[in-house]
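These protein sequence lines are chains A and B, in that order.
Here the numbering used here is used: position 501 in the first sequence is 501, and no number is missing along the way.
Just remember that the numbering used here sits 1000 ahead of the position in the second sequence, which is counted from 1.
Every residue gets a Cβ at the ideal spot worked out from N, C-alpha and C, and that includes glycine.
Shown next, in C-alpha cells, is the structure this report addresses.
Number of protein chains: 2
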Amino acid sequence: MENLLDGYEGDVVPVNPSSEEVFGLECYDDLTQTEGVELAIVVVPPQIVNGVLRQAGEAGIRDVAVITAGFGESGSEGVELEREMTEIAEEYDINLVGPNCLGVISTSVGMNATFTEKSAMEGNISFMSQSGAFISAVLDWAGDHNVGFNDIVSLGNKAVLDEGSFIDYWGDDPDTDVILGYLEDIENGREFIDTAREVTKDTPIVAVKSGRTEAGASAAASHTGAIAGSERAYEAGLEQAGVIRANSVQELFDYATILGDQPMPESNDIAIVTNAGGPGVMATDAIGDSGLEMASFTDESLEQLEEAMPSEANIFNPVDVLGDASAETYADALDIVLDDPNVGSVIVVSSPQSIDFENLAEVMIEKHEEYGVPMAASLMGGETAEKPAEMLGEAGIPSYFDPARGVDSLDALREYAEIRSHEYVDATDFDVDRERAREILERTKERDTNKLGVEAMELLEAYGIPTPQGAIVSEKNAAVEAAKDIDGDVVMKIVSPDILHKSDIGGVEVGVPDEEVADTFDDLIARARNYQPDATILGVQVQEMADLDAGTETIVGINRDPQFGPLVMFGLGGIFVEVLEDATFRVAPVSEPEATEMIDEIDSAPLLRGARGREPVDEAGVVETIQRISQLVTDFPAILELDINPLVATPDGVAAVDIRATVDQEQL
Amino acid sequence: MENLLDGYEGDVVPVNPSSEEVFGLECYDDLTQTEGVELAIVVVPPQIVNGVLRQAGEAGIRDVAVITAGFGESGSEGVELEREMTEIAEEYDINLVGPNCLGVISTSVGMNATFTEKSAMEGNISFMSQSGAFISAVLDWAGDHNVGFNDIVSLGNKAVLDEGSFIDYWGDDPDTDVILGYLEDIENGREFIDTAREVTKDTPIVAVKSGRTEAGASAAASHTGAIAGSERAYEAGLEQAGVIRANSVQELFDYATILGDQPMPESNDIAIVTNAGGPGVMATDAIGDSGLEMASFTDESLEQLEEAMPSEANIFNPVDVLGDASAETYADALDIVLDDPNVGSVIVVSSPQSIDFENLAEVMIEKHEEYGVPMAASLMGGETAEKPAEMLGEAGIPSYFDPARGVDSLDALREYAEIRSHEYVDATDFDVDRERAREILERTKERDTNKLGVEAMELLEAYGIPTPQGAIVSEKNAAVEAAKDIDGDVVMKIVSPDILHKSDIGGVEVGVPDEEVADTFDDLIARARNYQPDATILGVQVQEMADLDAGTETIVGINRDPQFGPLVMFGLGGIFVEVLEDATFRVAPVSEPEATEMIDEIDSAPLLRGARGREPVDEAGVVETIQRISQLVTDFPAILELDINPLVATPDGVAAVDIRATVDQEQL
C-alpha cells in the first residue's frame, strides 16, 4: 500500500473484511463491492486466494497480480491450488501474474505494486524476472547507475501469464525499447520462438537463461521445481527466437543500455580512435573475440587523416592520435572516421594523458548526434572519468574503463542488427503420404514394444526420404527373390525390435552375393535366436549395398524436449557425433535456411564439401532430409525419438540406411 | 623532478650543463661529477643518450632508466642507436630500463621516477607494462579503487632489462606478493618459462598478453614493431610458465587483488551461501563455467545446517538462508560451511532484502579471519553496497554486483593453487646417437635443397624413434633384395626432395607382392620423371606395410617460433589436424608429463584410448616419440621444421612412416 500510494496516478482501493480504513482510505470487505478496478493485487493467505480471484472475476476485474506464495512451488496441495487458480483465470478471462511473485511496476503511471524497498526510475527498458530477489537487487543498483525502466514484472510461478505473454505485450508497447529477461525456464518453447521472431523485428530481447551449465541447471531445478529442458534446446531455441543471450548480470545491463539508446550500425566494421597504442591493441583483441571486424578506411579518409593528424600518428585502424592529443585532435579524427562509409561503429579509447576527459566527452556527444553512427567509449581513469562517463551515459554512449566492455556492447548492437534484418522463412510443406505413415506407426500397437527398427524404413519412404532398394522378408525363398531384384551384392540384417545393436551379435552381413543369400538368411536367424531366444524376430532385411566407401555417413535424429518439443540433431556419423560431439540442434519445424545453417555449424562440414580432394556430397539432399524428418516428427507427436544412422551422403544423393525410433502408443 | 621531489626518501641530483639550479637544487654539468648516485633517470634528446649512458658507466652508476624515445621504435637510425645502447650497458654492466618508456615507481621508498600525473599508493602488487599509456590509466584508476603497488616499471623497448629480468627480481622481493604484466611480446621465451616456473612457486604472475587475436596481433606489430611470435606459442609458453592469463583489464585487476590478499584454497570445491534462489543459480552457472566444482557437504554439516537454518531453507549447496535472513543467519551458515573439510572456498551472495549489508560485511570479515578459507562476495546493490564492499575490500575480500565476477576471482585463486603445487619435471635425456644424426643432417649440404624427405628416416632411427623395416634403394635389383628381407607385401615410395606430395603423382604403391617389386620400381621412377624431368631422384623406398588398418595415424611436428624456439605439435592424422584443427602445442624441451598432457588435450584422444570398441594404442610409445623429437630439435637448432606424418600408433607400438623436414644449412 505504501509503495502504491507513493506516486501512483490512479486511485488505490484497499480491500480487507476486518478493517474499516487502511492508510486513511476507506476499506472494502470484498472485491465485488468495488467498481472500475483495473488491477487487483492479491496478498492474502494461499488458502483464500482462489476465492478472492473468483470475486475479482465476478467484479469484472481482468488484471490480477497474486503475490502470495504457497502454490506450485510448495508440495502437492499447492500444485492443486495453482491448477484451480489457472482454471478460474480461464473461466473469467483474467490476466494473472504470479502467484509467488514480487508484483509489478509500471513507471509510466507511477505504479509500484511490489513490496520492494526501492522503486524504478522511468526509462525505456521493460524487465521480467523469474527471481524476485534479482529484481530487488536490480532496483537497488539501477537507481545509482542511471538505468530506468518502463515495466518490471516478477513472473513467479507463471500460472497464467508467462514470458511469452510479456514479450508479446511489450513488442507492441511504444514505451518499451528493450525487453530484458532473467529466465530459469521457458514454457511453450515453440510459441515463444514464433512470438519473439515477430517482436524482435522492432524490439530487442536480451535474456539471461539461468541454469545454463549442468551445475546451474541442477541448482535451478531445486529452486523453482521446474522441469528444465536441455541446455541444447534452450541454446537452439533462443537463437532461433532471435533472443540475445547474456551470460552474466554485467552483460545483461551492458547490452540493455546500448540497445535502448543507439542507432543500428550499417555494417559490422568498427573503427578505434585512441591516444595510446597499448589500449588500442587491447580494443583490437576484443574485436577479434567478437563478431565485429576491423574497418578498412577508404583512400579518401586516409588522405584526410594524413592531412589532419600529426605526422607521427597512425592513420590506419586503430587510429592513434598520439599521447599529446587534445579533444580537438579527437574531433578531427572522428569527423573523418564517422563519415567513412566503411565504418559501421566507433569505439573511442583514451588513457589520461594530455586529454581533458570532459572535453572529449563533449566532442563525442556532438559527433554522435551529428553522424548517427553507434559509439562507445573507454575512458581509462578513476574519478577523472566519472563525470565524463556520466555525461556520455546520459547521451546514450556507454563508457567503461576496460575497452573490451565497450567493444562487447557494440557487438551486441551488431548482433541485434543482424537479428532485426533476418528474414524468417516458413518450413517447407512437402507433399508426403501422411496416411501411410500413420498406418506404419499404428502397427506398433499390435506389438508389445514401443521401439521401431529397420522395419520402419517405409516410414521414411512415406515422407519422401530416399532409402536403399530392398525388402524385409520372413522366408528364406523370399530373401533369395528379393536379392535377385537387386543389382550386385546385398546387405542382410536381422530385423528385431529387441536387438538394438545388430552388428555386435553378428546380425549384419555386408556384400552377400546372390548364391549365399539363402545360407546367410539361416545364419542370421540362428545368431539372433542364439543371442536372445525370446526375441521377436520380424525377419531379415535384404538391401542394396549403399555405396559407403564413396559416401559420407551422417546422422539425422530427433528427440523431444519438455519445453521446446521436437529437437532435430545433425552431425557426421561414426566418431564425429559419438566421440567428438560435433553436432548441431534446431527446434522443429526446421526451415530450409535453418537446415543449411545446421550443416554450416558443424566443425566437420568440410568433409561434406570436398575437403582433402573428396568430391562434395549432395548437400541439398541432406538439407531436404533434415526438413522432411522435421515435418514427420511435427506431424506425429507420438514419435518420441528417431535416428537415421547412417544417412549416407554421396555426390549423387543421399540414402537412409538404418533407422531406430521410439513411439508413444498412447498418442496414436 | 617534481614527481621525484614529491616524496622520495633519498637525495635527488639534477644534471644539466646549461642550468645552475633546478627546483632550488644545485645542478651538475655532467654525471661524472656526481658521487654515490644509485639510479640515473635519462631524459635528454636521443642523439646524446648514449653519451650520457657512458658517463653513467664511468661514474659507477649501475641502474639507469632511459625515458627518451626515438630508438628501436623509430626507423633504422634509432635501431642503430639502441644497438649501441645495449653494448654500452653490457660494457659497464648497467641495468637499463627503456628506452622509450615512462620510467619506474617504487612506493617503498616513495620514488616516482616517471612523468605521470598521479603516483601509486603503497601495496603488494608489482606491475610491468609495455604500454606507458596503460600505466597512466591504471594509476588514475587504482587510487580511487584502493589498489596499491610496490613497484611499477614501464618496460619500453627492453634494450637491456625485459619481462624476464623483472619477474626474476620480484620473485625474490619480499614486498611483492603478486606480479602483473601487460605484455605485447616476450623475448627469450624459453628463459622466461624457466624463470617463471621458479618464481610462481611463491609469487603468482598474472598477465595480459596483448595481440592475442589475429586482428590484435597485427595492431600490436604496428604499435611496437616487435616480431610477434604466434599466439599458439604464447598460449603454450605462458601455460608452461605457470602464468595466469587475463583476457581483459578487468580480469587483470580482479585476479591481482584476490591473489595478493587471500590464502590458498585447500580444494577446488566451492560453497555458495545466498539469501536468494535466482542469484544462487547465477553463481552456480559461473562455477559451471570455471575450473571450480560445487562442494558436497559432509553429513555432519548437513545435520548442523538442518538444525541451525529455518525449516524452508535449502541446506544443500547453494545454501539458501532465505529472503528474510539477517547477518546472524549468514553467520550461522558460514560457521558450518567454512568448517566443512569438503569446502575449499566460499562465495557469499546477497540480494538487498531484509539484510543489512554492513552487518553482513562485518560477519564475513570476522569469519574470514577465523577460518582462513578464501572468500568472495556478491552484494547485489548500488550505493547500499558501496561502503560494505569497501570494508570487505580492505579485509582482502573482493565484492562485485555480478556473482560471476566473484566466482571468477576465486577461480583464479584455484588456478594459482594448482600452479604453485605443480611439480615440474626435467625433460628426459634419452640415450641417442647424436653424431649419426649430425652426419645425416650434414649430408644436405652436398645437395642444393634444404628439404629432407623419407631419406631422413635414419635421423629418427638415430634418435630411437621406431620406423618400419625397409631401405632406400637406387637400383631395381636392390629393391627386389630389400623386399625379400621383409615379411609379406611392401610399400614402395619415390624418394625425391623435389616431390613433396608423392601420392598425388602416383609416387606411392601400397601392398606390392615380391614378384611385382621390379616392375613397380620402374613405374615409380617413370612417373616421377614424367612429372618433373629435372627432379633430383634419390631412389625408391621399400618399406614393410605398417599395419595402417589396425593403427591410428597421428602427427608429431615442430616449427620454430621467433620468441619461444621449437614448438612441438601433436594431433591425429588425416582430417583431424588438417580439417578439424584438433592439435596441441608445447615449447620444447617437452617433459614426460607434458607429452602426456598433450594427448589428454586433443578432442580426438578417445580414438587412441579405445573409443567405439577399438583396442587402445601404445600411448607410452606416442609419449616417448614426442619427447625424442623434442630432444632432436633442441639438440639441432638447424632443424627449422619437421613433421612425422603419419606416426602410426597400434596397440603394440608406434612407427614413423613418413618424415618431412627443413633445415638451415648455415647452422650446421
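Drop a sphere of 10 angstroms on the beta-carbon of Ala1228(B), count the other beta-carbons inside from all chains shown, and report buried for 16 or more, exposed for fewer.
As a position in the second sequence, residue 1228(B) is number 228, starting the count at 1. In this prediction, Ala1228(B) scores a pLDDT of 49, lower than 50, which makes its location untrustworthy; the coordinate-derived value is nonetheless stated afterwards. It counts as buried.
On the DSSP letters alone, give me the boundaries of the beta strand (DSSP E) that Leu149(A) sits inside.
Mapped onto the first sequence, residue 149(A) falls at position 149. Looking at the sequence itself, residue 149(A) is Phe, so the reference to Leu does not match. DSSP places Phe149(A) inside the beta strand (DSSP E), whose first and last residues are Phe149 to Ser154.
Quick check: what's the CA-CA separation for Val1012(B) versus Glu1328(B)?
Here residue 1012(B) refers to the residue found at position 12 of the second sequence. Here residue 1328(B) refers to the residue found at position 328 of the second sequence. Each residue's Cα considered, the two are about 55 Å apart.
Smallest Cα separation from Arg614(A): which of Ile602(A), Pro651(A) and Phe636(A)?
Taking the first residue of the first sequence as 1, we reach residue 614(A) at position 614. Of the candidates Ile602(A), Pro651(A) and Phe636(A), the one whose C-alpha sits nearest the C-alpha of Arg614(A) is Pro651(A).
Can you tell me whether Asn1530(B) is buried or exposed? The criterion is at least 16 other CB atoms within 10 Å of its CB, across all chains shown.
Here residue 1530(B) is taken as the residue at index 530 of the second sequence, counted from 1. The residue in question, Asn1530(B), is exposed, as its Cβ has fewer than 16 Cβ neighbours within 10 Å.
Contacting residues, own chain, Cβ-Cβ under 6 Å from Asp582(A) (five flanking each side not counted)
For the purposes of this step, residue 582(A) is taken as the residue at position 582 of the first sequence. Sequence-distant Cβ neighbours of Asp582(A) in its own chain, meaning closer than 6 Å and more than five residues away, are Gly571, Phe576, Ile602, Asp603 and Ser604.
Output yes if chain A places a C-beta closer than 8 Å to the C-beta of Ser1604(B); else output no.
Your numbering for residue 1604(B) matches position 604 in the second sequence. Yes - at least one Cβ of chain A is within 8 Å of the one on Ser1604(B).
Check whether the segment 331-351 of chain A touches the segment 291-300 of chain A, counting contact only when three or more Cβ pairs, one atom from each stretch, lie closer than 8 Å.
yes
Using the beta-carbon count (16 or more within 10 Å), is Ala1404(B) buried or exposed?
Taking the first residue of the second sequence as 1, we reach residue 1404(B) at position 404. Buried: at least 16 other Cβ atoms inside 10 Å.
Give me the chain A residues within the contact set of Gly1078(B), using Cβ-Cβ distance strictly less than 8 Å, ordered along the chain.
In the second sequence, counting from the first residue as 1, residue 1078(B) sits at position 78. Simply none; closest approach about 13 Å.
Start-to-end residues for the beta strand (DSSP E) that takes in Arg660(A):
Counted from its first residue, the first sequence places residue 660(A) at position 660. Start and end: Ile659 to Val663.
Is it buried or exposed, Asn146(A), if we count other Cβ atoms within 10 angstroms and call 16 or more buried?
Here residue 146(A) refers to the residue found at position 146 when the first sequence is read from its first residue. Looking at its Cβ environment, which holds fewer than 16 other Cβ atoms inside 10 Å, Asn146(A) is exposed.
Which residues in chain B sit within 8 Å of Gln250(A), going by Cβ to Cβ distance?
Looking up residue 250(A) in the first sequence gives position 250. The answer, in chain order, is Phe1401, Asp1402, Ala1404 and Arg1405.
Asp173(A) versus Ser1210(B): straight-line alpha-carbon distance, rounded:
Taking the first sequence and counting its residues from 1, the one referred to as residue 173(A) is at position 173. Taking the second sequence and counting its residues from 1, the one referred to as residue 1210(B) is at position 210. Distance between the alpha carbons of Asp173(A) and Ser1210(B) is about 44 Å.
As a quick exercise: from Ala1389(B), Glu1370(B), Pro1310(B) and Gly1372(B), pick the residue whose alpha carbon is nearest that of Val1349(B).
Here the question's residue 1349(B) lines up with position 349 in the second sequence. The shortest C-alpha separation from Val1349(B) is found at Ala1389(B).
If we count the other Cβ atoms within 10 Å of its Cβ and call it buried at 16 or more, is Phe1023(B) buried or exposed?
Within the second sequence, the letter at position 23 stands for residue 1023(B). That one is exposed.
Rounded to the nearest angstrom, what separates Ser1399(B) and Met111(A) at their Cα positions?
If you number the second sequence from 1, residue 1399(B) lands on position 399. If you number the first sequence from 1, residue 111(A) lands on position 111. If you draw a straight line from the Cα of Ser1399(B) to the Cα of Met111(A), it comes to about 32 Å.
Chain-ordered residues of the segment 128-143 of chain A with a beta carbon less than 9 Å from chain B:
Ser129, Gln130, Ser131, Gly132, Ala133, Phe134, Ile135, Ser136, Ala137, Val138, Leu139, Asp140, Trp141, Ala142 and Gly143
Does the separation of the CB atoms of Gly1070(B) and Leu1102(B) fall below 8 Å?
Locating residue 1070(B) in the second sequence gives position 70, where the first residue counts as 1. Locating residue 1102(B) in the second sequence gives position 102, where the first residue counts as 1. It is not a contact, given that the beta carbons lie outside the stated cut-off.
Rounding to the nearest angstrom, what Cα-Cα distance links Leu302(A) and Ala308(A) in this structure?
Here residue 302(A) refers to the residue found at position 302 when the first sequence is read from its first residue. Here residue 308(A) refers to the residue found at position 308 when the first sequence is read from its first residue. C-alpha separation (whole angstroms): 10 Å.
For Met1380(B), which three-state DSSP category applies?
To locate residue 1380(B), count along the second sequence from 1; it is residue 380. In the structure shown, Met1380(B) adopts coil according to DSSP, grouped into three states.
List, in order along the chain, the chain A residues whose C-beta lies closer than 8 Å to that of Tyr1182(B)?
Taking the first residue of the second sequence as 1, we reach residue 1182(B) at position 182. Neighbours of Tyr1182(B) on chain A, chain order: Gly278.
Which residues bound the alpha helix (DSSP H) around Thr1116(B)?
In the second sequence, counting from the first residue as 1, residue 1116(B) sits at position 116. Per DSSP, Thr1116(B) belongs to no alpha helix (DSSP H) and is neither H nor E.
Chain-order list of residues whose beta-carbon lies under 8 Å from that of Pro46(A) (same chain, five-residue window excluded):
In the first sequence, residue 46(A) corresponds to position 46, counting from 1. Answer for Pro46(A): Thr68, Ala69, Gly70, Phe71, Gly78, Leu81 and Pro99, listed in chain order.
Thinking C-beta only, is Arg420(A) closer than 8 Å to Ala462(A)?
Your numbering for residue 462(A) matches position 462 in the first sequence. Your numbering for residue 420(A) matches position 420 in the first sequence. One thing to note: Ala462(A) has its Cβ no nearer than 8 Å to the Cβ of Arg420(A).
For Ile105(A), which residues does DSSP report across the bridge?
Against the first sequence, residue 105(A) aligns to sequence position 105. Answer is Asn112(A) and Ile152(A).
Assign Ile48(A) to buried or exposed, taking buried as 16 or more other Cβ atoms, counted over all protein chains shown, within 10 Å of its Cβ.
One-based indexing of the first sequence puts residue 48(A) at position 48. Exposed: under 16 other Cβ atoms inside 10 Å.
Which partner residues does Lys209(A) have in the DSSP bridge list?
Counting from 1 along the first sequence, the entry for residue 209(A) is found at position 209. Its beta-bridge partners are Leu183(A).
Does any residue of chain A bring its CB to less than 8 Å from the CB of His1501(B)?
Position 501 of the second sequence, counted from the start, is the residue given in the question as residue 1501(B). Not one chain A Cβ lies under 8 Å of His1501(B).
Is Pro589(A) buried or exposed, if buried means 16 or more other CB atoms sit within 10 Å of its CB?
Taking the first residue of the first sequence as position 1, residue 589(A) is located at position 589. Classification for Pro589(A): buried.
Put Val1052(B) into one of helix, strand or coil per three-state DSSP.
For the purposes of this step, residue 1052(B) is taken as the residue at position 52 of the second sequence. Residue state, collapsed to three classes: helix.
Please decide whether His1368(B) counts as near chain A, where near means a Cβ-Cβ distance under 8 Å.
Within the second sequence, residue 1368(B) is the residue found at index 368, counting from 1. No, because no Cβ of chain A sits closer than 8 Å to the Cβ of His1368(B).
Bridge-paired residues (DSSP) for Leu452(A)
The residue given as residue 452(A) occupies position 452 in the first sequence. Leu452(A) pairs with Ala661(A).
Under the DSSP definition of a beta bridge, which residues are partnered with Glu1021(B)?
Reading the second sequence from its first residue, position 21 is the one you call residue 1021(B). For Glu1021(B), the pairing in a beta bridge is given by DSSP as Glu1026(B).
Using the beta-carbon count (16 or more within 10 Å), is Pro1017(B) buried or exposed?
Indexing the second sequence from 1 puts residue 1017(B) at position 17. Flag for Pro1017(B) reads exposed.
Alpha carbon to alpha carbon, how far is Gly1573(B) from Gly1189(B)?
Position 573 of the second sequence, counting from 1, holds the residue named residue 1573(B). Position 189 of the second sequence, counting from 1, holds the residue named residue 1189(B). Answer to the nearest angstrom: the Cα atoms are 29 Å apart.
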